[in-house]
Amino acid sequence: MSPGRWPIWPSRRHRLVLPFTSHFKSEPVDCSKSSTLELDTSLMVDGDDALREYAQTNGPVPEADGRIQIGYIDATIRFESLLHPGYTSVECWAATSGMSRLFAWSANIRKVFTDLTADSGGVCCLFDTGDGAPEQVC
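When we follow our numbering, the leftmost residue of the sequence shown carries the number 129, and every step to the right adds one.
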């Protein structure tokens with residue numbers, strides 16, 4: 129496996145491999161004595177109007193295939209969800225306010241997170257806009 133790409137086993141049946149760092153270090157992470165795992169990552173997302181506008185004003189250069197890199201994204205994996213014991217939760221949030229607004233505006237970013245949830249066997253994907261409103265089910 130290449131540096132910065134480590135497997136995560138959310139359960140005994142599923143294995144999820146993501147490119148990430150933990151506290152900006154690319155090395156194996158021992159989470160055997162912790163109830164959480166902190167990750168930092170970037171995602172490549174197919175461009176939509178909101179992403180292209182963000183790229184024009186905030187600098188990520190679209191790839192030749194139209195995808196745009198979004199990151200850093202901070203993620204916390206809780207091996208036992210605070211709200212739903214017996215389930216693991218993955219909480220992701222944008223590193224900047226501008227990225228937070230982009231997460232709310234871009235349908236393609238939402239699709240990435242809902243697809244990741246479905247592909248890893250997740251049962252629910254909630255989107256928190258950060259404005260105090262109730263979370264939205266995606």
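We treat Cβ as the ideally placed atom computed from N, Cα and C, and that holds for glycine.
query	result
Can the beta-carbon of SER234 be found less than 8 Å from the beta-carbon of ASP193?	no
Give me the Cα-Cα distance between THR242 and GLY250, rounded to the nearest whole angstrom.	9 Å
Measure the CB-CB distance between CYS220 and ALA203 and report whether it falls below 8 Å.	yes
Buried or exposed, going by whether 16 or more other CB atoms sit within 10 Å of the CB of TYR182?	buried
Which word fits VAL218, buried or exposed, when buried means at least 16 other C-beta atoms lie within 10 angstroms of its C-beta?	buried
In three-state DSSP terms, what is TYR215?	coil
Report the option in SER225, LEU210 and PHE255 whose CA atom is closest to the CA atom of SER163.	LEU210
Report the three-state DSSP secondary structure of SER228 (helix, strand or coil).	helix
Specify, as a first and last residue, the run of the beta strand (DSSP E) that LEU171 falls within.	164 to 174
Nearest CA to the CA of GLY267: which residue from PRO213, GLU208 and MET227?	Outside the shown range of the chain, which is 129 to 266, sits residue 267, and nothing can be said about it.
Is the beta carbon of THR169 within less than 7 Å of some heavy atom of the ligand PLP?	Summarising the ligand content, the structure contains no ligands, and the ligand PLP is consequently not present.
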